[in-house]
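Participant:
Numbering (my numbering), first residue to last: 732 to 994.
As structure tokens, then:
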């Protein structure tokens, strides 16, 4: 198998290369709208790094709790600005949404990014009362899943408030990436790939739903299945969805994906 081809999404999705520009425009429009009505708190620092910041979007009334959404991009692309609009469905349901950026590879190793996301969650938690739910897409799905692993340090309050994790199209086993050109940037060895693979860790103590699009590349269907089987998690295959539009449901309050996170 050509592993670079197997883990390539954009070349197999019509118009795939155009998506980042659209995401960035949609994210900017959402931030501007929410900031204008006082429902956006932007550029909250959670560490000293240039990218260690998060945006927080509030519902119109008192928040029922906090959802932290972690973006994807193979740990080496994008930032929170591309995904702001994905908070729309969750805030419409009455939840606050935090979206962190993080230091990208090769400046940071995957295990360092994992620690950054834990710090981002700890920084966001005091800003919103109530239960915490985690979601993330692709590499962000990996990072959200890692937060449920026992070797990741989260403070006691955050652990007590954490009630659900929904990895979307996650990479649950990082070992296959050692055979790709992606690892030229990630710089993983086998020890790190194993340590950072959620599917090789014990299942979390909170409910997990692994979500994936039915039209995704075969390796992503495999990755979702491996994680769901390893953790005994709910495994949802979203009909007609590929790797880039599988997250579109987050914009709709009545979508099955929003329900999987909140209900």
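Heads up, the beta-carbon is just placed ideally off N, CA and C, and yes, glycines get one too.
Looking only at DSSP bridge pairs, what is residue 808 linked to?
Facilitator: Along the chain shown, read from residue 1 onward, the residue named residue 808 stands at position 77. Answer is none; residue 808 lacks a bridge partner.
Participant: Roughly how many angstroms separate the alpha carbons of residue 792 and residue 865, rounded to a whole number?
Facilitator: To locate residue 792, count along the chain shown from 1; it is residue 61. To locate residue 865, count along the chain shown from 1; it is residue 134. In this structure, the straight-line span from the alpha carbon of residue 792 to that of residue 865 is close to 21 Å.
Participant: Can you look up residue 770 in the DSSP assignment and give me helix, strand or coil?
Facilitator: Numbered from 1 along the chain shown, position 39 holds the residue referred to as residue 770. DSSP places residue 770 in coil when its eight states are reduced to three.
Participant: Pull up the distance between the alpha-carbon of residue 951 and that of residue 846, whole angstroms please.
Facilitator: Counted from its first residue, the chain shown places residue 951 at position 220. Counted from its first residue, the chain shown places residue 846 at position 115. Here the C-alpha atom of residue 951 lies approximately 24 Å from the C-alpha atom of residue 846.
Participant: Suppose only complete runs of 3+ residues qualify. What are the beta strand (DSSP E) ranges in the region 853–904, listed by chain order?
Facilitator: 863–868 and 893–899
Participant: Spatial neighbours of residue 789 within its chain, please: CB distance less than 6 Å, with the 5 preceding and 5 following residues excluded, ordered by chain position.
Facilitator: The residue given as residue 789 occupies position 58 in the chain shown. By the criterion of a C-beta distance shorter than 6 Å, residue 789 is surrounded in its chain by 770 and 827, once the five residues flanking it on both sides are discounted.
Participant: Would you call residue 857 buried or exposed, if buried means 16 or more other Cβ atoms sit within 10 Å of its Cβ?
Facilitator: Residue mapping note: residue 857 aligns to position 126 of the chain shown, counting from 1. By the neighbour-count rule (16 or more Cβ atoms within 10 Å), residue 857 is not buried but exposed.
Participant: Which stretch, first to last residue, makes up the beta strand (DSSP E) that contains residue 831?
Facilitator: On the chain shown, residue 831 is found 100 positions in, with the first residue counted as 1. Run containing residue 831: 827–831, per the beta strand (DSSP E) assignment.
Participant: Going by the CB atoms, is the gap between residue 984 and residue 824 shorter than 7 Å?
Facilitator: Taking the first residue of the chain shown as 1, we reach residue 824 at position 93. Taking the first residue of the chain shown as 1, we reach residue 984 at position 253. Yes, the pair counts as a contact, with Cβ atoms nearer than the cut-off.
Participant: Considering only their Cβ atoms, is the gap separating residue 898 from residue 924 smaller than 7 Å?
Facilitator: Here residue 924 refers to the residue found at position 193 of the chain shown. Here residue 898 refers to the residue found at position 167 of the chain shown. Cβ distance not < 7 Å, so residue 924 and residue 898 don't count as in contact.
Participant: For the beta strand (DSSP E) that residue 967 lies in, which residues bound it at each end?
Facilitator: For the purposes of this step, residue 967 is identified with residue 236 of the chain shown, where counting begins at 1. Where residue 967 is concerned, the enclosing beta strand (DSSP E) stretches over 965–969.
Participant: Counting only runs of 3+ residues fully inside the region 914–949, write out the beta strand (DSSP E) ranges in chain order.
Facilitator: 940–944
Participant: Please state the DSSP three-state secondary structure of residue 788.
Facilitator: Position 57 of the chain shown, counted from the first residue, corresponds to residue 788. DSSP places residue 788 in strand when its eight states are reduced to three.
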